[in-house]
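Written out below as structure tokens is the structure these notes cover.
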Amino acid sequence: MIDAIRRVKLVARDPIGTPLRLQVAGDAVTLRMVTPDNGEATEQIDAVSSGSDIEIRFNNELLASGLEACGTDEITIQTSEPGKLALIRGVDQNEFTYLLMPLKS
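Positions 3 to 107 (the working numbering) are the ones given, in order, by the sequence shown.
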């Protein structure tokens with residue numbers, strides 16, 4: 003997911019702080035960034051999800067930092083609803099939890 007975030011930021015020529023939209027639907031996560039001057043970039047990655055479909059906006063830099071800190075390729079992102087705190091952990095890894103608040107829509 004970190005590589006996908008980097009690619010989306012590169013295409014969108016992200017100024018720091020541009021929101022990253024994370025849309026989870028079925029067995030895929032779609033990452034999307036829109037910038038007024040450079041247009042939009044979208045990338046879809048495979049995922050395993052439970053619960054209903056959801057769209058959340060995160061600060062792209064903070065999300066990437068949390069994913070890098072997990073130190074694993076497979077992660078879980080848990081949240082109860084779009085405006086609530088997200089818990090990010092490596093799969094089968096309980097010693098590190100990253101807490102991230104989403105951006106308001």
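Note that CB positions come from ideal geometry on N, CA and C, so glycine has one too. Just so it is clear, the structure is predicted and the values come from calculations on it, not from any experiment.
Which listed residue (the options) has its alpha carbon closest to that of residue i
{"i": "E63", "options": "N40, D94, M35", "result": "M35"}
{"i": "L12", "options": "M103, G41, D94", "result": "G41"}
{"i": "D94", "options": "E83, T78, S82", "result": "T78"}
{"i": "A83", "options": "M103, E76, T99", "result": "Here residue 83 turns out to be Glu, not Ala, going by the sequence shown. The residue with the shortest Cα to Cα distance from E83 is M103."}
{"i": "D29", "options": "F98, S51, R8, D39", "result": "S51"}
Beta-carbon spacing of residue i, residue j below 8 angstroms
{"i": "Q80", "j": "A88", "result": "yes"}
{"i": "G68", "j": "I90", "result": "yes"}
{"i": "V10", "j": "A43", "result": "yes"}
{"i": "G92", "j": "T74", "result": "yes"}
Supposed contact pair residue j and residue i - C-beta distance, whole angstroms, cut 8 angstroms
{"i": "T32", "j": "R15", "result": "With a Cβ gap of about 20 angstroms, T32 and R15 do not count as contacting."}
{"i": "L105", "j": "P21", "result": "5 angstroms"}
Counting only runs that start and end within the segment 7 to 79, where is the beta strand (DSSP E) found for 3 or more residues in a row?
-> 21 to 27, 30 to 37, 41 to 48, 56 to 61
Contact between the segment 51 to 58 and the segment 17 to 31 (3+ Cβ pairs under 8 angstroms) | Contact between the segment 51 to 58 and the segment 17 to 31 is present: three or more C-beta pairs spanning the two stretches fall below 8 angstroms.
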